[in-house]
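In the numbering used here, the protein residues as written are 143 to 494.
To keep things clear, I will list the structure first and then write my remarks on it.
The following block contains the structure:
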C-alpha cells in the first residue's frame with residue numbers, strides 16, 4: 143500500500159514486513175532538501191512504533207546515485223536571499239542522522255551508485271549497508287569550504303590506518319572493495335541482483351540470511367593498495383606536515399593527492415584535520431555536536447559560500463579562499479570553530 147507522501151521527492155511504501163523509502167530526485171542525484179530530511183524523520187518515527195514494520199529499506203530512483211549529498215546550493219541561495227534560518231537544514235539533518243544511528247529496528251540501505259556527504263548520513267549510520275560494483279563513497283566537503291559532517295566524524299576517525307583522515311581532508315573516493323574494508327559497507331551484492339534483493343526483503347525478517355543469499359564478492363580495493371603511504375602521511379600532527387610529507391614523496395598517488403588537497407579550502411582542510419584528531423575520542427552524539435559547532439561558525443564566514451559558488455553555481459572552479467593558503471592559517475582561529483555557539487549546543491534528546 144502506498145502511503146500518502148508529503149513530497150514526491152521521497153516516497154514511502156509498506157510492502158510485506160518492510161517500510162520502503164525511495165529517494166526520488168534523480169535529476170539532482172537525490173540531493174537532500176530540508177523537506178526530504180523532515181519527512182523522512184517523521185516517517186521513520188511512525189514506522190519505529192508500527193508493529194507491522196519489521197525493518198526499513200532505503201533505495202533510490204536514480205540510475206547514477208543513491209544520494210549525492212545535501213542540497214547545499216539551496217543553503218547558498220537562502221543565504222543570498224537574506225534567509226536568517228540557513229542553519230535549520232543542518233540542525234534537522236543532524237537530528238535525522240542521530241535518529242538513524244539510534245533506530246530501534248533494522249535499517250538497510252541499498253547503495254547502488256554515488257553516495258556522498260548527506261547520502262552517507264542517511265545510510266552509514268544504519269544497521270546494514272549493502273554496496274554494489276556501482277557504489278562510490280566520498281565526503282567532498284573541503285572542496286566547497288565545508289567540513290565532513292552528518293556524523294562522518296564518527297566513522298571517518300575510526301577507519302584503520304588514517305584512511306578516514308585521508309578521505310576527509312582530500313575528498314578521497316572509496317569504491318565497493320575499499321568501502322567494505324573500511325567499514326562503510328556491511329555487505330556486498332551486484333547491481334543486477336539489487337532489485338531481487340529488495341523484493342526478498344519485503345517478506346524476510348532474517349535480514350542477515352537474506353543478505354548472505356544475495357552476496358557477491360566485492361571488487362578491488364585500490365585505496366587499500368596505498369594504505370602504508372596513507373598512514374605514513376596522514377598520521378602527521380598538522381595539516382602543513384601532511385602537505386610536506388606529500389611533497390617529499392615520489393609516489394604518483396601522493397602527487398595526485400597533493401594536487402587535489404591544495405585546491406581545497408585551507409580553512410576546511412585545517413578544520414578537518416583537527417576534527418579527525420578529536421573525533422577518535424568522541425561518541426556519536428558528541429561528534430554531531432562538534433560538527434554543529436563548526437558549521438555554525440562556517441556559515442558566518444565566506445569560504446562555504448565561495449566554494450558553493452565556484453563548484454555548483456558559476457562552476458568556474460576558481461574559488462577565492464580566505465586565507466588562500468595553509469601557511470596563512472592561524473591555529474588559534476581554527477580552535478574557535480570548536481567553541482559552543484551562543485545559542486547553545488545541538489540538542490539530541492528526543493524519541494526516534
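Note that the Cβ used here is the ideal one computed from N, Cα and C, for glycine as well.
Because the structure is a prediction, the values reported are computed rather than measured.
Using CA coordinates, which residue listed in the options is at the minimum distance from residue i?
i           : options            : result
residue 333 : 255, 312, 473, 161 : 255
residue 275 : 264, 458, 253      : 253
residue 335 : 357, 345, 346, 320 : 357
residue 300 : 456, 419, 452      : 419
residue 434 : 163, 179, 233, 152 : 233
residue 220 : 471, 451, 339      : 451
residue 169 : 203, 181, 192      : 203
residue 226 : 438, 181, 365      : 438
residue 207 : 261, 477, 194      : 261
residue 359 : 327, 459, 458      : 327
Apart from the five residues on each side of it in sequence, which residues of its chain come closer than 6 Å, Cβ to Cβ, to residue i?
i           : result
residue 406 : 284, 285
residue 217 : 228, 231
residue 157 : 344
residue 379 : none
residue 403 : 312
residue 307 : 376, 418
residue 490 : 240, 427
residue 269 : 248, 249
Taking 8 Å as the limit between beta carbons, can you name the residues of its chain near residue i, skipping five residues before and five after?
i           : result
residue 371 : 391, 393, 395, 396
Apart from the five residues just before and just after residue i, which ones in its own chain have a Cβ nearer than 7 Å to its Cβ?
i           : result
residue 446 : 286, 287, 288, 440
residue 481 : 435
residue 267 : 239, 242, 243, 293
residue 176 : 230, 231, 234
residue 398 : none
Can you say whether residue i is buried or exposed, counting buried as having 16 or more other CB atoms within 10 angstroms of its CB?
i           : result
residue 510 : Any answer about residue 510 is impossible in this case: the structure gives the chain only from 143 up to 494.
residue 212 : buried
residue 172 : buried
residue 292 : buried
residue 431 : buried
residue 167 : buried
residue 401 : exposed
residue 180 : buried
residue 467 : exposed
My assumption, with CB atoms under 8 Å, is that residue i sits in contact with residue j. Please give the rounded CB distance.
i           : j           : result
residue 317 : residue 352 : With 8 Å as the limit, residue 317 and residue 352 do not qualify as a contact, their Cβ atoms being about 24 Å apart.
residue 236 : residue 488 : 6 Å
residue 198 : residue 161 : 5 Å
residue 369 : residue 376 : Actually they are not in contact, since the Cβ atoms of residue 369 and residue 376 sit about 11 Å apart, beyond 8 Å.
residue 282 : residue 313 : 4 Å
residue 408 : residue 471 : 6 Å
residue 246 : residue 321 : The Cβ separation is near 26 Å, so there is no contact.
> What runs of the alpha helix (DSSP H), each 4 residues or longer, lie entirely inside the region 364-441?
Replying inline: Taking only runs of at least 4 residues, the alpha helix (DSSP H) segments lying wholly in the region 364-441 are 369-376, 381-390, 394-403, 408-421, 426-440.
> Which ranges does the beta strand (DSSP E) cover as unbroken runs of at least 3 residues, wholly within the region 143-210, from first to last along the chain?
Replying inline: Those beta strand (DSSP E) runs which fall completely within the region 143-210 and span 3+ residues are 152-157, 160-165, 197-202, 207-209.
>> Could you tell me which whole alpha helix (DSSP H) segments of length 4 or greater appear in the region 202-253?
In response: Correct list: 214-222, 230-243.
> Enumerated in chain order, which unbroken segments of the alpha helix (DSSP H) with a length of 4 residues or greater are wholly contained in the region 316-351?
Replying inline: Under the rule that a run must span 4 or more residues, the alpha helix (DSSP H) segments found entirely inside the region 316-351 read 318-323, 336-343.
> Which residue spans inside the region 275-316 form an unbroken alpha helix (DSSP H) run of at least 4?
Replying inline: List check, alpha helix (DSSP H) in window: 294-299, 305-312.
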